[in-house]
Amino acid sequence: MEYKIQTENFMIDLKPKNFENDILLEVTIQSDGFSANTEMDIKVKDLAKFAIELNTIYENLSGEAKIQEEYGMHMYLSFSANNKGYILVQGYLHKSNKNGKEQILKFENEVEQTYLKNFSNNLYNSYGNLL
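The opening position of the sequence shown corresponds to residue 214 in this note's numbering, with each subsequent residue numbered one higher.
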């Protein structure tokens, strides 16, 4: 399944590949003309916690949801609410190619709360009960 938010100047697309206790989370970001595509190695329970926290942000318009790799480059995605109906989305993504060359994207953007509804509900419905 795919989980996506797309606005005029920002897009996040998450595609989890489930294994027994781990998830390889394919992440695609487009933020104000910059973009990245990489994979994060995360625990199923971490994605479940992230889904629950995202759903809480949407419902209460407060709080933060963050998912981060436990090992490796410690890539992360973070969503935090402000009291004006917007969600700040931040992240740090990394990718190395077969020649050892590195690409890094550190981004920050903002989306209206309404864009979070389907994204957070779908993630919650898929993973919220796995914690």
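For every residue, glycine included, the Cβ atom is placed at its ideal position computed from N, Cα and C. Computed from a prediction, not measured in an experiment: that's the story for all the values here.
S244 counts as buried, since no fewer than 16 other beta carbons sit within 10 angstroms of its beta carbon.
Residue pairing by DSSP places V324 opposite I300 in a beta bridge. A straight line joining the alpha-carbon of L237 with that of F320 spans about 21 angstroms. For L329, the enclosing alpha helix (DSSP H) stretches over residues 329-340. In the DSSP assignment, the residues bridged to L238 are P229, M253. The Cβ atoms of L306 and V240 sit closer than 9 angstroms to each other. The beta carbons of L318 and K262 sit no closer together than 9 angstroms.
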